[in-house]
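Undergrad:
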Amino acid sequence: MSKNLRLLLSRSKLTTFLVCQRRFQLRYLEQRPWPEAPLPETDETRLERGRQFHQLVQRHFLGLKVEPAAIADPGLRRWWLTFVQHQPGLPHGRALPELTLTIPIGAHLLHGRFDLLMLGEKEGAPFAHIFDWKTGKPQTDMTLRNDWQTRLYLAMLAEGAQALRADGRHLLPDHIAITYWYTSEPDMPHTITYSQAWHQQNWAEISALVAHIEARQGQGGIWALTDDWSQCQACAYRVLCERQGAGPALSLAADDESALDKDVEFLLEPGLP
Ligand code: SF4
24 MSKNLRLLLS RSKLTTFLVC QRRFQLRYLE QRPWPEAPLP ETDETRLERG RQFHQLVQRH
84 FLGLKVEPAA IADPGLRRWW LTFVQHQPGL PHGRALPELT LTIPIGAHLL HGRFDLLMLG
144 EKEGAPFAHI FDWKTGKPQT DMTLRNDWQT RLYLAMLAEG AQALRADGRH LLPDHIAITY
204 WYTSEPDMPH TITYSQAWHQ QNWAEISALV AHIEARQGQG GIWALTDDWS QCQACAYRVL
264 CERQGAGPAL SLAADDESAL DKDVEFLLEP GLP
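Per our numbering, the sequence shown starts with residue 24, numbered consecutively.
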């Protein structure tokens, strides 16, 4: 079924493949429902509040007024007021909120959606700076640097940001950065700057991962189940895989920001000849 299909790959899809190939196959190629059961109410409330926060920030950068008194949820209102008072300084340039970028990689596509992308010029050289709003638990700089969101987004801009510029100029990796801003640590934004050396290594690893998925796609059959049974505790397919012995089922979204990943669930197009 999955042979000769062009893949649209995002951060959450790549990380799903790395966690468990079978989960990738079931979720994205066979499109089995995920999650199968409704989320606990607390998780649903938290995720919905996160979505609404991102919408408020988007409205702000679109130039629309956000009236705090009109925000009924006290937690959401608190986040918004925190953002208003402590938002990170932005470089001078063009602000593009909720921008989607898709670039080719081999026969497939990489896909990402940035909370806010700033494009401009500094000392005659074009730059790109992503800002990402986080409502979850803050991570260390090292964790963020190794996160697939960081790696994918920076690489995508190095390879494809010229499509976003009217003059079509390429961006040097050294002029690309991402800042993570957390509602719970508003005065401590984490900024990570890309580099040419990092991009060479990063792009090679992303390309190898995509090639691995493509090779697996060509083989058919049941893809490999993870050896790490703890992953099955928070997986919708544990019964299907007969992995009930993995231990008590965990909430599928308790620590899962991928629900806010603004992912595209569709994956497949007919393969190119
Ligand atoms: S239950 Fe385990 S083996 Fe099956 S898809 Fe989920 S993570 Fe993979």
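Glycine is no exception: its CB is placed at the ideal position from the N, C-alpha and C atoms.
Treat the numbers as computed from the prediction; the structure is a model and nothing was measured.
Out of G268, A181, P114, S33, point me to the one whose CA is closest to K145's CA.
TA: Comparing Cα-Cα distances from K145 to each of G268, A181, P114, S33, the minimum goes to P114.
Undergrad: In chain order, what residues of the same chain have a beta carbon less than 6 Å from the beta carbon of G270, not counting five sequence neighbours either side?
TA: Once the five neighbours on either side are set aside, the close Cβ partners of G270 are Q256.
Undergrad: If you run the structure through DSSP and keep just helix, strand and coil, what is K36?
TA: Three-state DSSP puts K36 in a helix.
Undergrad: Taking only three categories from DSSP, how would you classify G143?
TA: Here G143 sits in strand by DSSP.
Undergrad: Whole angstroms is fine: what's the gap from L41's alpha carbon to A93's?
TA: Going by the C-alpha atoms only, they are around 42 Å apart.
Undergrad: Compare the Cα-Cα distances from M211 to each of S218, Y217, Y203 and report the closest residue.
TA: Measuring from the Cα of M211, the nearest candidate turns out to be Y203.
Undergrad: Measuring only from the beta carbon, is L49 closer than 7 Å to any heavy atom that is part of ligand 1?
TA: Answer for L49: yes, Cβ within range of ligand 1.
Undergrad: Could you give the first and the last residue of the continuous alpha helix (DSSP H) run that contains T216?
TA: No alpha helix (DSSP H) contains T216, which is instead part of the beta strand (DSSP E) from 208-216.
Undergrad: Ignore the nearest five residues each way along the sequence and tell me which others in R168's own chain have a CB closer than 8 Å to its CB.
TA: Result list for R168: I215, in chain order.
Undergrad: Taking 8 Å as the threshold, find out whether the stretch 67-81 comes into contact with the stretch 99-111 through three or more Cβ pairs.
TA: Yes, since at least three Cβ pairs between the stretch 67-81 and the stretch 99-111 fall closer than 8 Å, the two stretches touch.
Undergrad: Between R29 and ligand 1, is the CB less than 7 Å from at least one heavy atom?
TA: Answer for R29: no, Cβ out of range of ligand 1.
Undergrad: Go through its chain and collect everything with a Cβ distance to Q172's Cβ below 7 Å, but skip five positions before and after it.
TA: Once the five neighbours on either side are set aside, the close Cβ partners of Q172 are R34.
Undergrad: At 3 residues or longer, and completely inside the stretch 221-254: list those beta strand (DSSP E) runs for me, N to C.
TA: Segments of the beta strand (DSSP E) lying fully in the stretch 221-254: there are none.
Undergrad: Just confirm the distance between the C-beta atoms of A178 and H222, as a whole number of angstroms; I'd bet it's less than 8 Å.
TA: About 6 Å; that satisfies the 8 Å criterion.
Undergrad: Can you tell me whether H193 is buried or exposed? The criterion is at least 16 other CB atoms within 10 Å of its CB, across all chains shown.
TA: Label assigned to H193: exposed.
Undergrad: Tell me whether Q267, by its Cβ, gets closer than 7 Å to a heavy atom of ligand 1.
TA: No, the beta carbon of Q267 sits no closer than 7 Å to any heavy atom of ligand 1.
Undergrad: Given a cut-off of 8 Å on the beta-carbon distance, is the pair L133 and I153 in contact?
TA: It is not a contact, given that the beta carbons lie outside the stated cut-off.
Undergrad: Does the Cβ of E288 have 16 or more other Cβ atoms within 10 Å, making it buried, or fewer, making it exposed?
TA: Below a pLDDT of 50, predicted positions are generally treated as unreliable, and E288, at 46, falls in that range; no measurement from the model is reported.
Undergrad: Under three-state DSSP, which class holds G135?
TA: Strand.
Undergrad: Can you find a heavy atom of ligand 1 that lies under 7 Å from the Cβ of Q355?
TA: Examination of residue 355 is not possible in this model, given that the chain is present from 24 through 296 alone.
Undergrad: Buried or exposed: which applies to K36, given that a residue is buried once 16 or more other Cβ atoms fall within 10 Å of its Cβ?
TA: Answer is buried; the Cβ neighbour count reaches 16.
Undergrad: Which two residues bound the contiguous beta strand (DSSP E) that contains P127?
TA: Taken as a continuous stretch (DSSP letters only), the beta strand (DSSP E) holding P127 covers 117-128.
Undergrad: Counting C-beta neighbours from all protein chains within 10 Å, is the total for T65 16 or more, i.e. buried, or is it exposed?
TA: That one is exposed.
Undergrad: Please check the pair A217 and P196, which I expect to be a contact at CB under 8 Å, by giving their CB distance rounded to whole angstroms.
TA: The sequence shown places Tyr at residue 217, rather than the Ala named in the question. Correct: roughly 4 Å between the Cβ atoms.
Undergrad: Using 10 angstroms around the beta-carbon of L32, count the other beta-carbons present and answer buried if the total reaches 16, otherwise exposed.
TA: Result: buried.
Undergrad: Would you kindly check if the distance between the Cβ of I128 and the Cβ of I201 is under 8 Å?
TA: Contact flag unset, no.
Undergrad: So, helix, strand or coil for A92, using DSSP?
TA: Helix at A92.
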